[in-house]
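Protein chains: 2
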Amino acid sequence: MKVLIVEDDPLHRSYLHEAVNAALPECDTVIEAENGTAGEKLARDHKSAHIVMDLQMANRNGIEAARTIWKERPETRILFWSNYSDEAYVRGVSRIVPDGAAYGYVLKSASDERLKLALRSIFIESQCVIDREVRGLQQKSLGQTNGFTDSEYEILVDIALGLTDRAIAKRRGLSLRSVQNRLQQLYDKLDVYQTAGDDHEDGRFNLRARAVTVALLRKLLNYSALERAEAELQEWLDGK
Amino acid sequence: MKVLIVEDDPLHRSYLHEAVNAALPECDTVIEAENGTAGEKLARDHKSAHIVMDLQMANRNGIEAARTIWKERPETRILFWSNYSDEAYVRGVSRIVPDGAAYGYVLKSASDERLKLALRSIFIESQCVIDREVRGLQQKSLGQTNGFTDSEYEILVDIALGLTDRAIAKRRGLSLRSVQNRLQQLYDKLDVYQTAGDDHEDGRFNLRARAVTVALLRKLLNYSALERAEAELQEWLDGK
DNA sequence: CAATAAGCTGCGGGTTTACGCAAGACGGCG
DNA sequence: CGCCGTCTTGCGTAAACCCGCAGCTTATTG
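Sequence lines, in order, name chains A and B.
Under UniProt numbering, the first residue of the first sequence is numbered 1, with each subsequent residue one higher.
Under UniProt numbering, the first residue of the second sequence is numbered 1, with each subsequent residue one higher.
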């Protein structure tokens, strides 16, 4: 068995290396990549079936890399190993995992033991292992209770990118008014109407901008999500 | 000599611990904190004069911690050790360093050698050591060439927080029109006027929202800067 | 000191947002 | 089938935003 490690940080990389060796005696080769681009290449060259992947890398983040890898070989098993459990990441990952694929999401703060267990479960038993904390988010986000609909999330991203209502309407194939309706839902859920100081005249926020900030502060959005969204936007713009 | 290490990640923490031991034989005690809050407390209790501090920690980030520490004892020497050289961090740090204080900014990607040198220079020789890459940013940012004025940066933050023009005017003691002037400068510098697809009717951005996103993508802003700004905003709101 | 530069401010108007109101459209469900 | 909730769309309005124009106040400089 061969395992590919894709991880930015040299310290974490060597820690992972050791953890893999310890947890998987049946693994004879470990290869390492230090960013997403290199990771994709190695995965392709080695036809890797077992990957441990960091999210949040400078060059090309884990979600992007995983997406292209899974596109080429959907049965690849990937364990995401991340510092954070931002809803943006969780949503980003579950957006790209192919049907029936085995994958995992473990936080870097997890114990050695838990990491080892996850490695065995995913790579040997083909089971999905999702960190408890992450799992919570996932449910909240997918079950719409208290969470955001996909359409709401979509608009959130669109205004975060700085599109006008009209542009959003065009992009999503809606009328102007519908876009504005969704915006209102969004403002509602994000609770952006706080009086901002005193209730009276000067206390209001710019809802549009405020919504984005609140979403960022709540980790509904993060840098990597913006980055991806921006790339998609450019693609769409080029496509016409 | 005593050294305090404030760092989230256990791996990095122990790496730092070793590095300190290796670089500073004259150091007899090393204490560790795993977040900003604990760091502040330890610094106070031990009257620490030598600190290595991570930026970007979950509980309370390095800039906040450093600020209160320096407020209590401005002659403290602090070495910031960070993953990133975002302009937002650089600006945040140089905003809080007291006159004449010795401090350093070294990236985690730096070699062991460089880290050791920095430790000795700052803690023993009381010199400032700024990573080359960071230094570049600093100059660009402070020398206004191609960089942003403080007042422009201020407005950027204000719209990022979601304030209305009027609210900004009140907060900064300006007229509405002046605020809008600054906004225009900002839009100009951020180059937000890109036609977004086709030049004609539907292709425009919402400048306000777009400016924030562009700033984020360019690392002029980042999560931690937003977090701090939001805290300050709340303070101001409470203060009236 | 005059002159040029840079920033603040009011005025005015064109555009975009936020949103109430109300009329369809679609999909269950008893 | 008729009722109901959710989603979409158009119309209309008040507010906010973007910005050109022009008069004023401070610095900076030769």
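Just so it is clear, CB atoms sit at the ideal spot from N, CA and C, and this is done for glycine as well.
Contact under 7 Å by Cβ, residue i with residue j
i: residue 20 of chain B; j: residue 6 of chain B; result: no
i: residue 85 of chain B; j: residue 133 of chain B; result: yes
i: residue 215 of chain B; j: residue 156 of chain B; result: yes
i: residue 167 of chain A; j: residue 221 of chain A; result: no
i: residue 123 of chain A; j: residue 50 of chain A; result: yes
i: residue 192 of chain A; j: residue 211 of chain A; result: yes
i: residue 189 of chain A; j: residue 87 of chain A; result: no
i: residue 57 of chain B; j: residue 8 of chain B; result: yes
i: residue 224 of chain A; j: residue 61 of chain A; result: yes
i: residue 1 of chain A; j: residue 26 of chain A; result: yes
i: residue 129 of chain A; j: residue 92 of chain A; result: no
Integer-rounded CB distance, given that residue j should sit under 8 Å from residue i
i: residue 42 of chain B; j: residue 16 of chain B; result: Contact flag wrong, Cβ pair sits at about 15 Å.
i: residue 209 of chain B; j: residue 162 of chain A; result: 4 Å
i: residue 138 of chain A; j: residue 90 of chain A; result: 5 Å
i: residue 206 of chain B; j: residue 164 of chain A; result: 5 Å
i: residue 12 of chain A; j: residue 186 of chain B; result: Residue 12 of chain A to residue 186 of chain B, Cβ: 38 Å. No contact.
i: residue 182 of chain B; j: residue 152 of chain B; result: 6 Å
i: residue 226 of chain B; j: residue 213 of chain A; result: 6 Å
i: residue 230 of chain A; j: residue 233 of chain B; result: That pair is no contact at about 26 Å.
Within chain B, partners of residue i - CB distance below 9 Å
i: residue 162 of chain A; result: 192, 196, 205, 206, 207, 208, 209, 210, 211, 212, 213, 214
i: residue 217 of chain A; result: 223, 226, 227, 230
Contact set for residue i: own chain, Cβ-Cβ below 8 Å, skip 5 residues either direction
i: residue 120 of chain B; result: 23, 24
i: residue 64 of chain A; result: 36, 228
i: residue 115 of chain B; result: 19, 23, 81, 106
i: residue 70 of chain B; result: 76, 78, 96, 97, 98, 101
i: residue 194 of chain A; result: 205
i: residue 28 of chain B; result: 1, 2
9 Å Cβ cut-off: residues of chain A touching residue i
i: residue 159 of chain B; result: 206, 209
Contact set for residue i: own chain, Cβ-Cβ below 7 Å, skip 5 residues either direction
i: residue 200 of chain B; result: Unreliable positioning characterises residue 200 of chain B in this predicted model, as indicated by a pLDDT of 46, which lies under 50. The coordinate reading is nonetheless provided below. None.
i: residue 198 of chain B; result: Residue confidence for residue 198 of chain B is low, a pLDDT of 48 falling below 50, so the modelled location carries little weight; the figure read from the coordinates is stated next. So no residue of the chain qualifies.
i: residue 74 of chain A; result: 98, 101
i: residue 66 of chain B; result: 53, 78, 96
i: residue 112 of chain A; result: 19
i: residue 235 of chain B; result: none
i: residue 110 of chain A; result: 131
Residues that residue i contacts on chain B, provided the C-beta gap is smaller than 8 Å
i: residue 15 of chain A; result: 11
Cβ shell of residue i (< 6 Å), same chain only, five flanking positions each side left out
i: residue 83 of chain A; result: 108
i: residue 158 of chain B; result: 168
i: residue 131 of chain A; result: 105, 106, 107
i: residue 39 of chain A; result: 6, 33, 65
i: residue 179 of chain B; result: 165, 168, 169
i: residue 14 of chain B; result: none
Contact test: residue i Cβ vs the ligand NAD heavy atom, cutoff 6 Å
i: residue 41 of chain B; result: Judged by which ligands are present, the structure shown has none, so any question about the ligand NAD falls away.
Exercise. Which runs of the beta strand (DSSP E), 3 residues or longer, sit entirely within the segment 53-106 of chain A?
Worked result: 77-82
For this session: Output the residue ranges of the alpha helix (DSSP H) runs that lie fully inside the segment 126-189 of chain B and measure 4 residues or longer, sorted by chain position.
Result: If one requires a minimum length of 4 residues, the alpha helix (DSSP H) runs lying completely within the segment 126-189 of chain B are 132-142, 150-161, 165-172, in chain order.
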